[in-house]
Amino acid sequence: MKTMKSIWNKSASLLATAGAWLGTGSLSLAATVNDLPGGPAVLQLNLPPAVTAIAREQQWLHWFMLILCTVIFVAVFAVMFYSIWKHRKSRGHKPAAFHESVTVEIIWTVIPFIIVILMALPATKVVVAMKDTSNADLTIKATGMQWKWGYDYIKGEGEGIGFVSTLDADQREMSNNGGPKKGEIVDDYLFKVDNPLVVPVDKKVRIITTANDVIHAFAVPAFGIKQDAIPGFVRDTWFRAEKIGDYHGQCQELCGKEHAYMPIHVKVVSAEDYSKWVEGEKKKMAALADDPSKVWNLAEITQRGEKVYAQNCVACHQTHGKGGGAIKPLDGAAVVLDADKAKQIKVLLNGQNNGAMPAWKALSDTDIAAVISYTKNHWSNQTGQVVQPADVAALRK
Amino acid sequence: MSAVLDHHDHAHDDHHDHAPTGWRRWVYATNHKDIGTLYLLFSFSMFIMGGILALLIRAELFQPGLQFVNPELFNSLTTMHGLMMVFGAIMPGFVGFANWMIPLQIGAADMAFARMNNFSFWLLIPAGLMLASTFFMPGGAPAAGWTLYAPLTLQQGPSMDVGIFALHILGASSIMGSINIIVTILNMRAPGMTLMKMPMFAWTWLITAYLLIAVMPVLAGAITMTLTDRHFGTTFFNPAGGGDPVLYQHIFWFFGHPEVYIMILPAFGMISQIVPAFARKRLFGYTSMVYATSSIAILSFIVWAHHMFTTGMPVTGQLFFMYATMLIAVPTAVKVFNWIATMWQGSMTFETPMLFAVGFIFVFTMGGFTGLILAMAPIDIQLQDTYYVVAHFHYVLVAGSLYAMFAGYYYWSPKWTGVMYNETRGKIHFWWSLIAFNVTFFPMHFLGLAGMPRRYADYPMQFADFNALASIGGFAFGLAQVYFFFFVVLPTMLGHGEKAPQRPWEGAEGLEWEVPSPAPFHTFETPPKLNAAANKILA
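Just so you know, the sequences run in chain order A and B. Okay, so the first sequence: first residue is 1 according to the numbering used here, each after it adds one. Okay, so the second sequence: first residue is 1001 according to the numbering used here, each after it adds one.
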């Protein structure tokens, strides 16, 4: 028909222009970033390369389902499109009269039923394997917090090591400023953390998940694992990484405003490198172990507090301390200037406004004391007050 | 055709012959056709509002980095987009079709409870206004996702309570509407129309109404427990008080899974009427279709935890829910086969209703297959909470439910308005929507497989290309719907178009085609005498 042809021509030329535009990369950002090894690839079409046996099983299952479903889909719709072509009034086809057949109904109920059972059999094996977290070589607790991960090595080599893993502050800032600039190649954008989780290769690692506040989820696609981190409860999952390298994941359960900004970085290293790392960490912890009864002076503690602020507070309260939008300012704030230090300590320990200001009780007494002292003595605030770690410890319930 | 119209010498009061006029006609409406129109207009408005929210989301996600909104507002956008589309667009839309078509199809004068019908509709307006107003409240609109998981909901500002109140009202409206539909269908069919001779649209709505009555109260329970946790000292979902956040998920999804079948079964019914009309051949396997729909409805109650595969349930639980979910594929496949068997050896033409119906079968089945893939628990562990899930449910809800409603609009609007829509523009709407839809949502499968999480305001650079593509498609799709309203719907509402015959579609069967176009204000005031197949009126 004439109108159909003109519609076809118009849409074809439109598609052609869109395709050309896309193709020339004027829209595409493919040139400005590379694949992230252990993380997503540019224009990735399928599951990531598997680094564990479970991930390999998942890939196999997915290919199995995809191929089977595509074959069935193509077969069924070949019949439909054939019918659309042949059995149309414009070809003069007259309608048949049949409208039921018990035999046919039985056949096309039983065959899909059998296919579904055949699909479920290999899946069952993998479910059972994924759930078996027994006999782990290393057990690590991952605690989801708003909005970072805390890792504690609780059993196996490295027991006792604990640290918090936060998204790189510069990358968070970059997000606020509209993302990486054109030409800036940031392959690990939104994946970079300060302290990655380090595990040895070829060892069964059991990850116990829990949370401090709301539900988060710990996931590493290359390992094929994902486990909700539920406050008040412990869940677990496991992996055995077969290749040394850096693997990346992100929080996978909506947990509030910074949900997109609490990535997971697992560094898989050789057994010797792991032992070396454990030793190094233990030494660092011993050195850093702040004496909780130490009495700090103003200069030292505000210097420490500046670091803590840059790590944890700047994303919301900003470098100038004035916050913005719903975020309250610290510069000139009543609770900061208050002679009663307990007020501001309580805000830091317990949060405020229903979690809009999260609780920071996961930070050490020294860090909390330091950052409060910093805010009380920076920008236009010059209270001269010093908050000691002991002050914070006293208010922890 | 005096068999179905009031006689002028009928011994009734004079006002009975005239349709009420002015604002009273709409505010005091008890006529199923008027209430149907109100529901459809409300649904379309919420569709546009929800669509604008979606375009704000896609605008932000067009490129990595935050350009337009802060992350909290982004979370509100995704939450409200979901709530508005589910509770404001899809559900009221299908109720609108039910109101218009069920009495006509079963030969009844109106719905059983005409005044409750009015109340069911008008409840939607304050509820919709409340939902929309949450954006302007301190703290912004609810930002916990349309699924409103605890304990994140316990942290939300006052808009969460307003949202809960709105949901209660919407739920009450749905329950009342369902009661109306069940009573009407069970009691007011014209003599000779047994249940097994009833049109498929009536069947699917009968089953959907039972589902609604069963599960809307469960949602009410979940959100009330959230409300009391927030304000009245309970700790159902707060672990600090001994509660369990996962309990919320169980209660919510016990509602949530049947809810998605509530959103698709009426669509199945519409397709089951449209395909036979344009194939000029009776629906293949009517009995089987009724059984398949019933099986889907019953099975929908025992699969809810497939939304919870990563919460840490024991092996037995994972396996049971995986098997039960995969089982639903069987009756669904049977329905697809029956539709194709209806087309087979028919004599098809492809006016716009048939284009949307065939498009539905094709694209909905794609969504069905991704659902089957997600049902496999080991695969779901990788894909849960990623864009693969977003792709899946948009395929079944947009290319499914929405396309069916478009098909129903094109099919039945000549009966509603008395004029034919412009066929060329209808076809433009179809192809434009189909292409734009696939450009928007097909890449999301890849994003999900690559690991891009849902509900993310910003994302790693590697996901940029497919996100840009999806955003372009999204805007194109939105534009198509604006085109639809201004160039297809509005002209017919204003009466511009060829006069529609009583039966515009050669192969269409059913009592709705036995009345004039437009359908008179009152139809079937006395029960019609039907032929043996209960699809024609005997003179």
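Built from N, CA and C at the ideal position, the CB exists for glycine as well. Small disclaimer: the values here were computed from a predicted structure and weren't measured.
Secondary-structure assignment with DSSP links Gly1359 (chain B) through no beta bridge to anything. The beta carbons of Ser1076 (chain B) and Pro1142 (chain B) sit about 7 Å from each other, so the pair counts as a contact at 8 Å. Under the 8 Å criterion on CB atoms, Ala1404 (chain B) is classed as non-interfacial with respect to chain A. A contact between stretches requires three or more CB pairs, one per stretch, nearer than 8 Å, and the segment 1473-1480 of chain B fails this requirement with the segment 1402-1421 of chain B. Shortest Cα-Cα distance from Arg1454 (chain B) to any of B:Gly1145, B:Asn1238 and B:Phe1121 involves B:Gly1145. The secondary-structure analysis by DSSP pairs Gly144 (chain A) across a beta bridge with A:Trp149 and A:Ala211.
Judged by their CB atoms, Ile1106 (chain B) and Ala1190 (chain B) are nearer to each other than the 8 Å cut-off. Note: Ser165 (chain A) is bridge-paired with A:Trp149 in the DSSP secondary-structure output. Per DSSP, the beta bridge partners of His216 (chain A) are A:Ala229. Cβ-Cβ separation between Ala1277 (chain B) and Gly1022 (chain B): approximately 36 Å, too far for a contact (criterion under 8 Å). Look at Thr139 (chain A) here: in three-state DSSP terms it is strand. The beta carbon of Pro196 (chain A) sits closer than 6 Å to the beta carbons of His265 and Lys267 from its chain, once the five residues preceding and following it are set aside; these are given in chain order.
For Lys1033 (chain B), the enclosing alpha helix (DSSP H) covers residues His1032 to Leu1061. Our two residues, Leu1195 (chain B) and Pro1491 (chain B), have alpha carbons roughly 37 Å apart in a direct line.
Looking at the DSSP output, His248 (chain A) bridges to A:His265.
By the neighbour-count criterion, in which a residue is buried when 16 or more other Cβ atoms sit within 10 angstroms of its Cβ, Met1354 (chain B) is buried. Closer than 7 Å at the C-beta level to chain A, one finds these residues of the segment 1305-1327 of chain B: Thr1310, Thr1311, Gly1312, Val1315, Gln1318, Leu1319, Met1322, Tyr1323, Met1326 and Leu1327. With respect to the 8 Å criterion, His1306 (chain B) and Thr1332 (chain B) are not classified as neighbours on the basis of their beta carbons. Lys307 (chain A) has its alpha-carbon roughly 15 Å from the corresponding atom of Val164 (chain A). Less than 8 Å divides the Cβ of Gly1426 (chain B) from the Cβ of Val1488 (chain B). Boundaries of the alpha helix (DSSP H) harbouring Asp367 (chain A): Asp365 to Lys376, taken from the DSSP string. For Pro180 (chain A), there is no enclosing alpha helix (DSSP H), as DSSP gives it neither H nor E.
Of all residues in the segment 143-158 of chain A, none comes within less than 7 Å of chain B when Cβ atoms are compared. For Arg235 (chain A), there is no enclosing alpha helix (DSSP H); the enclosing beta strand (DSSP E) covers residues Arg235 to Arg240.
The C-beta of His320 (chain A) has fewer than 16 other C-beta atoms within 10 Å across all chains shown, which makes the residue exposed.
Ala1519 (chain B) and Leu1104 (chain B) do touch by the CB rule: their CB atoms are close to 7 Å apart, below 8 Å. Within the segment 300-320 of chain A, not one residue has a Cβ closer than 7 Å to any Cβ of chain B. Contact check for Gly1448 (chain B) against Thr1365 (chain B) fails: the beta carbons are separated by 8 Å or more. Residue B:Ser1178 holds the alpha-carbon nearest to the alpha-carbon of Leu1206 (chain B) among B:Ser1178, B:Pro1414 and B:Leu1170. Contact annotation: in the segment 1379-1390 of chain B, residues whose CB is within less than 7 Å of a CB in chain A are Ile1379, Ile1381, Gln1382, Gln1384 and Asp1385. Using beta-carbon distances, Phe1337 (chain B) counts as an interface residue toward chain A, with a partner under 8 Å. Fewer than three beta-carbon pairs drawn from the segment 236-244 of chain A and the segment 58-73 of chain A are found closer than 8 Å, and the two stretches are therefore not classed as touching. Residue burial is scored here from C-beta neighbours: Trp85 (chain A) has fewer than 16 other C-beta atoms within 10 angstroms and is therefore classed as exposed.
Val201 (chain A) and Phe1362 (chain B) have their C-alpha atoms some 46 Å from each other. Residue environment for Leu298 (chain A): exposed (fewer than 16 other C-beta atoms within 10 angstroms of its C-beta). Collapsing the DSSP output to three states places Met174 (chain A) in a helix.
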